[in-house]
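Chains as they are written, first to last, in the working numbering: chain A, 5 to 95; chain B, 5 to 95.
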DNA sequence: TTTATATATCTAGAAAATTAGATATGAATG
DNA sequence: CATTCATATCTAATTTTCTAGATATATAAA
């Protein structure tokens with residue numbers, strides 16, 4: 005949560021249709037967006053983005069789903085909501 | 005906002021009466037809390053806390069007021085509120 | 001069952017943040 | 001006006017974060 009790129013990724017994942025091109029195999033974003041698309045959007049290296057997504061997954065902010073060769077990442081809305089509520093309450 | 009200690013300071017400043025001893029010269033916390041008290045509470049060095057408070061002031065999160073030898077820091081409630089609202093809206 | 005593709009992990013260098021000691025400044029006090 | 005006290009600033013060492021290249025793994029395709 006203390007990194008601009010990672011926060012930006014969370015924001016993009018709020019609206020996959022608006023922020024990413026459609027996937028090849030699937031015609032919806034129910035499981036989120038594949039790593040490659042996120043990487044293209046940030047301009048950072050593949051390994052960096054993979055590391056970021058892994059960190060976000062460890063923090064429970066995103067949920068990964070594997071479909072064949074691809075891993076799709078979507079927001080964990082519940083955790084994000086809790087985080088915002090706690091912050092508003094405590095800060 | 006990406007540092008535990010600095011966030012903790014903001015939280016403490018929400019309730020100066022509850023978190024800090026009374027000041028020598030002044031019997032209220034209208035202008036906030038002096039640097040020394042904040043330093044004691046964190047256990048970090050004087051220069052570190054001064055640096056932190058300066059950073060927070062640059063980010064407009066706190067407002068300093070000088071009274072004689074002491075500098076008191078208080079929360080900038082408006083900016084903090086805006087920050088939380090923006091985060092809730094955008095994240 | 002070799003090859004290609006997408007993602008993950010390992011490693012290490014570069015950059016940024018953290019932190020404290022030394023020193024400076026500004027205000028009160030003897 | 002010399003001294004003391006509170007805070008600020010400067011400098012540098014340490015730690016953490018960022019980031020990419022190399023390599024590994026998993027799946028699909030040829």
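Ideal Cβ placement from N, Cα and C applies to all residues, glycine included.
Those residues which DSSP pairs with residue i across a bridge
i	result
residue 71 of chain B	B:74
residue 79 of chain B	B:66
residue 11 of chain B	The partner list for residue 11 of chain B (beta bridge, DSSP) is empty, contrary to what the question assumes.
residue 37 of chain B	B:77
Cross-chain neighbours of residue i in chain B, by beta carbon under 8 Å
i	result
residue 93 of chain A	Residues of chain B passing the Cβ test: none, with the nearest at roughly 10 Å.
Chain B residues whose Cβ lies nearer than 9 Å to that of residue i
i	result
residue 57 of chain A	Neighbours of residue 57 of chain A on chain B: none; closest Cβ ~17 Å, over 9 Å.
Listed by chain order, chain A residues near residue i by CB distance under 7 Å
i	result
residue 48 of chain B	In chain order: nothing, as chain A lies at least about 19 Å away.
Within chain B, partners of residue i - CB distance below 7 Å
i	result
residue 15 of chain A	94, 95
residue 84 of chain A	95
Where residue i falls: helix, strand or coil (DSSP)
i	result
residue 88 of chain B	helix
residue 17 of chain B	coil
residue 60 of chain B	helix
residue 54 of chain A	helix
residue 31 of chain A	coil
residue 22 of chain A	helix
Closer than 9 Å at the beta carbon, the chain A residues around residue i
i	result
residue 6 of chain B	5, 6, 7
Using 8 Å as the threshold, is the stretch 60-72 of chain A in touch with the stretch 17-24 of chain B, meaning 3 or more CB pairs across them?
no
Three Cβ pairs or more, each shorter than 8 Å: is that satisfied between the stretch 31-42 of chain B and the stretch 36-53 of chain A?
no
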